[in-house]
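Student: Dropping the structure in here first, questions after.
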């Protein structure tokens with residue numbers, strides 16, 4: 014008994030002692046510690062003069078080429094930001110660096126900004142580099158205070174510089190927190206290392222979908238691959254498929270196809286040789302949350318309303334309504350006589366600042382409304398029923414997605430110029446804040462709002478979206494539906510009266526490069542929507558005489574996207590009308606279906622030529638950055654948007670034909686967005702193991718100012734663009750030149766690569782819901798006996814068709830099996846009687862009626 018008591022006392026004491034101990038472990042603080050994958054982000058070159066130096070990655074080293082030394086040592090600096098140094102923690106700093114000539118470097122760790130304190134700096138002394146010798150440093154220090162916004166920097170300029178020109182080459186850099194507490198110290202999201210040479214969808218794959226990964230490899234022979242589950246057990250294996258050189262990424266790649274493995278689970282990884290992938294899931298609801306997070310972007314983009322809990326989910330994302338009312342005055346210096354002010358309260362800001370651009374908003378609004386219309390027609394609309402999106406209107410009995418769309422539509426209706434003014438019925442193309450450098454985090458009202466004059470394209474954008482909205486709301490809110498119809502027809506008439514009013518060109522002149530029929534596609538799109546809503550011959554006649562009738566363009570014509578293979582962008586809009594025709598009246602417009610599938614086949618062929626599944630081909634395009642302009646090769650700005658729009662065409666082709674190749678095409682593009690790309694990054698905030706973190710958004714500007722919040726999950730950024738080469742003043746012969754799919758920086762300051770806007774997120778929401786709904790294939794309807802032309806009615810149209818094949822048998826050339834209503838192989842009076850018995854049937858009046866012989 015005594016032994017047991019003593020043993021219990023000792024055990025209790027040991028447990029008390031153990032529970033009081035804080036176990037420390039070592040954590041790498043930096044997001045990137047080497048440059049073996051050819052990339053340098055988040056390491057940045059900071060220059061007081063752009064001519065001082067430039068940087069690039071070559072031979073797995075970050076090279077800084079010094080041309081000028083500047084005045085101070087910090088005039089040329091290599092920096093890594095966005096981490097914290099904690100008081101009392103012990104740190105180990107290591108780096109390897111070499112230079113082509115004798116020089117010095119000053120290394121420091123401390124505040125990124127004021128008060129510019131330094132936690133470590135080699136006792137305030139620089140390091141001396143001997144030409145072509147590797148300097149290897151391994152040092153420790155203990156922080157004496159917190160540095161919440163810390164930086165590791167190497168100063169190369171001023172008195173430290175050697176004989177110019179020369180190169181400084183960084184081989185590896187590491188900073189370890191040796192006192193980290195696993196309970197309180199955040200582990201940084203690492204930038205991808207060479208071990209992630211297998212690129213996968215970092216979120217996951219549907220069980221029954223195509224499942225492909227891309228491996229970067231120098232091997233010319235196929236490789237053995239293995240798929241392991243979360244326990245490390247091999248569950249599938251095979252051989253890679255040779256692909257070869259992928260020009261868009263500048264890499265030699267092979268493909269891993271593991272589509273045959275369908276078992277749901279989490280934590281899967283792929284392995285081949287020394288390479289591995291990020292972990293990912295296999296399941297049946299991969300995008301179930303993404304489809305809602307992508308739509309939540311629009312609540313955050315609302316104008317004229319306080320963004321608040323519980324709708325913004327976290328209090329850090331709340332903001333005041335600085336724009337209620339949002340009264341914009343006519344911008345001065347414009348040759349237009351309109352209202353002195355417009356009340357444009359409401360709607361969405363198109364991007365990350367206080368601007369409402371009609372074309373961006375129209376593209377986004379059409380896609381959201383089309384997303385719901387598509388889901389409704391295909392029987393998948395329950396995903397967007399009331400209370401699914403957590404917005405202020407949730408609980409009103411109306412599908413949440415329609416409520417969000419209505420917010421955008423009502424904001425657009427307020428743009429319409431009232432009667433009695435010049436260009437009445439038209440719409441301005443832009444509302445913005447005239448004051449540059451606005452304090453976006455403030456709480457005061459916006460006081461310098463301006464609107465720009467109405468244009469033909471903005472007016473037709475309004476007409477198209479209002480007509481589309483009218484038919485969606487007709488059975489829900491007839492008053493609002495009628496308001497939308499009236500606005501759409503007024504806008505149409507105003508555009509017909511003013512058919513060629515352009516946005517002012519940057520030079521102040523109407524762009525002479527625009528052809529005379531520049532707005533024909535907008536007119537066609539509006540006519541399609543108005544015909545589908547009103548049924549009026551006025552619009553049908555216009556559609557049939559348009560050169561765009563049932564067409565699906567496959568080349569874009571806008572200035573910056575000119576020549577790229579695509580069907581839709583903000584200046585190429587005819588395809589939207591054709592999509593609406595195919596969705597609502599496929600039997601009336603069979604050519605629309607054919608042309609959509611032809612376009613989808615083109616995008617599939619482009620995708621097959623890409624090692625990473627991107628349905629966008631490289632092309633030459635013009636650029637203009639400040640006063641510099643020229644021609645670039647590769648990807649234009651917003652490559653993710655162009656890829657997504659091509660994905661929507663493939664999705665339509667699947668819905669119209671049921672051919673799974675189109676569904677696979679959409680899936681592979683989503684894989685590209687979520688990490689199956691050469692930078693191994695998910696382009697969607699909060700999704701994947703290595704998501705984008707720094708979108709170009711004035712409110713979610715944590716990188717710029719730590720008092721701002723990080724972006725919520727579900728924001729899609731614009732993506733890789735060869736404009737990055739122009740911005741860095743490099744051409745194809747320069748060692749710093751980046752291939753198209755690697756021309757990307759996850760940087761708040763780079764609006765070329767990290768722009769966010771309503772059009773991007775509407776495309777993401779559309780595709781995510783399409784994927785989650787397994788393709789939006791309609792639930793097959795039971796055929797209605799006698800409805801030969803399949804228009805939902807039994808009437809004279811069916812009798813006329815039957816008369817053409819009357820008295821024929823299945824062996825005759827003019828036999829039509831649809832006219833053989835009783836399926837006896839002969840078209841005769843028995844079939845006429847079947848039609849007569851059901852004559853006058855209308856599907857919209859008698860839903861759900863089932864007839865039997």
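In this note's numbering, the protein residues as written are 14 to 866.
All residues carry an ideal CB built from backbone N, CA and C; glycine is no exception.
Which partner residues does residue 249 have in the DSSP bridge list?
Tutor: Locating residue 249 in the chain shown gives position 236, where the first residue counts as 1. In DSSP, residue 249 forms a bridge with 240.
Student: Pairing CB atoms from the stretch 56-74 with CB atoms from the stretch 153-161, are three or more of them under 8 Å?
Tutor: Short answer: they don't touch.
Student: Would you report the Cα separation of residue 69 and residue 182, rounded to the nearest angstrom?
Tutor: The residue given as residue 69 occupies position 56 in the chain shown. The residue given as residue 182 occupies position 169 in the chain shown. Taking the straight line from one Cα to the other gives about 10 Å.
Student: What does the Cβ neighbour count give for residue 53, buried or exposed, with the cut at 16 atoms within 10 Å?
Tutor: Mapped onto the chain shown, residue 53 falls at position 40. It is buried - the Cβ of residue 53 has at least 16 other Cβ atoms within 10 Å.
Student: Rounded to whole angstroms, what is the Cα-Cα separation between residue 557 and residue 423?
Tutor: For the purposes of this step, residue 557 is identified with residue 544 of the chain shown, where counting begins at 1. For the purposes of this step, residue 423 is identified with residue 410 of the chain shown, where counting begins at 1. Rounded to whole angstroms, residue 557 to residue 423 spans 31 Å at the Cα level.
Student: Helix or strand or just coil, what does DSSP make of residue 583?
Tutor: By 1-based counting over the chain shown, the position of residue 583 is 570. Note: residue 583 maps to coil in three-state DSSP.
Student: Got a sec? Which residues, its chain only, sit under 6 Å from residue 855 by beta carbon, not counting five neighbours each side?
Tutor: Start at 1 with the first residue of the chain shown, and residue 855 comes out as number 842. Excluding positions up to five away in sequence, the list reads 806.
Student: Going by CA-CA distance only, name the one from 110, 387, 477 that's closest to residue 497.
Tutor: Mapped onto the chain shown, residue 497 falls at position 484. It is 477.
Student: Just list the alpha helix (DSSP H) runs in the stretch 368-401, keeping only unbroken ones of 4 residues or longer that don't cross its boundaries, in chain order.
Tutor: Listed in chain order, the complete alpha helix (DSSP H) runs (minimum 4 residues) inside the stretch 368-401 are 371-390.
Student: Use the C-beta contact count for residue 445: other C-beta atoms within 10 angstroms, 16 or more gives buried, fewer gives exposed.
Tutor: For the purposes of this step, residue 445 is taken as residue 432 along the chain shown, with counting starting at 1. By the neighbour-count rule (16 or more Cβ atoms within 10 Å), residue 445 is buried.
Student: Less than 7 Å between C-beta atoms, sequence neighbours within five positions excluded: which residues of the same chain meet that for residue 35?
Tutor: Reading the chain shown from its first residue, position 22 is the one you call residue 35. Low confidence applies here, because residue 35 scores a pLDDT of 41, under 50, leaving its location unreliable and the question unanswered by this model.
Student: Between the stretch 380-400 and the stretch 429-442, do at least 3 Cβ pairs fall closer than 8 Å?
Tutor: With the cut-off at 8 Å, the stretch 380-400 and the stretch 429-442 do not touch.
Student: May I have the straight-line CA-CA distance separating residue 546 from residue 723, to the nearest angstrom?
Tutor: For the purposes of this step, residue 546 is identified with residue 533 of the chain shown, where counting begins at 1. For the purposes of this step, residue 723 is identified with residue 710 of the chain shown, where counting begins at 1. The alpha-carbon atoms of residue 546 and residue 723 are separated by roughly 42 Å.
Student: Who are the Cβ neighbours of residue 39 in its own chain at under 6 Å, not counting the five residues just before and after it?
Tutor: Translated into positions along the chain shown, residue 39 becomes position 26. So the qualifying residues of the chain are 189, 191.
Student: Would a check of beta-carbon distances place residue 594 closer than 8 Å to chain D?
Tutor: Reference to chain D is not applicable here, since this structure consists of a single protein chain.
Student: Count the other CB atoms within 10 Å of the CB of residue 780; is the residue buried (16 or more) or exposed (fewer)?
Tutor: Your numbering for residue 780 matches position 767 in the chain shown. Classification of residue 780: buried, given that the 10 Å Cβ count is 16 or more.
Student: Span of the alpha helix (DSSP H) holding residue 304?
Tutor: Taking the chain shown and counting its residues from 1, the one referred to as residue 304 is at position 291. Here the alpha helix (DSSP H) through residue 304 covers 303-313.
Student: When the distance is taken between beta carbons, is residue 664 closer than 8 Å to residue 675?
Tutor: Taking the chain shown and counting its residues from 1, the one referred to as residue 675 is at position 662. Taking the chain shown and counting its residues from 1, the one referred to as residue 664 is at position 651. Taking 8 Å as the Cβ cut-off, residue 675 and residue 664 qualify as a contacting pair.
Student: Using DSSP with H/G/I as helix, E/B as strand and the rest coil, what is residue 341?
Tutor: Counting from one through the chain shown, the residue named residue 341 turns up at place 328. Three-state result, residue 341: strand.
Student: Could you tell me if residue 818 is buried or exposed, where buried requires 16 or more neighbouring beta carbons within 10 angstroms of its beta carbon?
Tutor: Here residue 818 refers to the residue found at position 805 when the chain shown is read from its first residue. Buried.
Student: Please state if the CB of residue 334 and the CB of residue 318 are separated by a distance shorter than 8 Å.
Tutor: Indexing the chain shown from 1 puts residue 318 at position 305. Indexing the chain shown from 1 puts residue 334 at position 321. In contact: residue 318 and residue 334 (Cβ atoms closer than 8 Å).
Student: For the stretch 460-513, list the alpha helix (DSSP H) runs that are entirely contained and at least 4 residues long, ordered along the chain.
Tutor: Fully enclosed alpha helix (DSSP H) runs of 4 or longer: 469-486, 491-510.
Student: Just how far apart, CA to CA, sit residue 241 and residue 141?
Tutor: As a first step, residue 241 must be located in the chain shown, where it is residue number 228. As a first step, residue 141 must be located in the chain shown, where it is residue number 128. Computed Cα separation, rounded: 48 Å.
Student: Suppose the cutoff is 6 Å on Cβ atoms and the five residues either side in sequence are ignored; what does the same chain contact list for residue 15 look like?
Tutor: Indexing the chain shown from 1 puts residue 15 at position 2. Confidence in residue 15 is poor, its pLDDT being 41 and thus under 50, which makes the residue's placement too unreliable to answer from.
Student: Can you confirm whether the stretch 276-288 touches the stretch 302-319 when touching is taken to mean that 3 or more C-beta pairs between the two stretches lie within less than 8 Å?
Tutor: Taking 8 Å as the limit for Cβ pairs, the verdict is that the stretch 276-288 does not touch the stretch 302-319.
Student: Between which residues of its own chain and residue 694 is the CB-CB distance below 8 Å, once the five residues before and five after are set aside?
Tutor: Taking the first residue of the chain shown as 1, we reach residue 694 at position 681. Correct list, in chain order: 205, 688, 701, 703, 704, 705, 757, 759.
Student: So what's residue 854 in DSSP terms, helix, strand or just coil?
Tutor: The residue given as residue 854 occupies position 841 in the chain shown. Correct three-state label for residue 854: coil.
Student: Using 8 Å for Cβ pairs, my map puts residue 815 next to residue 773. What's the rounded Cβ distance?
Tutor: Within the chain shown, the letter at position 802 stands for residue 815. Within the chain shown, the letter at position 760 stands for residue 773. With 8 Å as the limit, residue 815 and residue 773 do not qualify as a contact, their Cβ atoms being about 50 Å apart.
Student: Assign residue 521 to buried or exposed, taking buried as 16 or more other Cβ atoms, counted over all protein chains shown, within 10 Å of its Cβ.
Tutor: Translated into positions along the chain shown, residue 521 becomes position 508. Residue confidence for residue 521 is low, a pLDDT of 40 falling below 50, so the modelled location carries little weight and cannot support an answer.
Student: Between 500, 630, 508, which lies nearest to residue 481 when the distance is taken from Cα to Cα?
Tutor: Taking the chain shown and counting its residues from 1, one reaches residue 481 at position 468. Among 500, 630, 508, the Cα nearest to that of residue 481 belongs to 500.
Student: Rounded to the nearest angstrom, what separates residue 662 and residue 610 at their Cα positions?
Tutor: Here residue 662 refers to the residue found at position 649 when the chain shown is read from its first residue. Here residue 610 refers to the residue found at position 597 when the chain shown is read from its first residue. Those two C-alpha atoms are separated by around 8 Å.
Student: Taking C-alpha atoms, which residue in 571, 87, 550 lies nearest to residue 535?
Tutor: The residue given as residue 535 occupies position 522 in the chain shown. Here the closest residue by C-alpha is 571.
Student: What are the residues that DSSP puts in a beta bridge with residue 295?
Tutor: Along the chain shown, one-based indexing puts residue 295 at 282. Beta-bridge pairing links residue 295 to 218, 278.
Student: Kindly list the residues whose CB is nearer than 7 Å to the CB of residue 596, restricted to its own chain and excluding five residues on each side of it in sequence; keep chain order.
Tutor: Position 583 of the chain shown, counting from 1, holds the residue named residue 596. Once the five neighbours on either side are set aside, the close Cβ partners of residue 596 are 386, 387, 390.
Student: Give the straight-line distance between the Cα atoms of residue 525 and residue 148, rounded to the nearest whole angstrom.
Tutor: Residue 525 sits at position 512 when you count from the first residue of the chain shown. Residue 148 sits at position 135 when you count from the first residue of the chain shown. Annotation note: pLDDT 38 at residue 525 (below 50); position unreliable, no value reported.
Student: State the Cα-Cα distance for the pair residue 347 and residue 510, rounded to the nearest angstrom.
Tutor: Residue 347 sits at position 334 when you count from the first residue of the chain shown. Residue 510 sits at position 497 when you count from the first residue of the chain shown. If you take the alpha carbons of residue 347 and residue 510, they lie about 20 Å apart.
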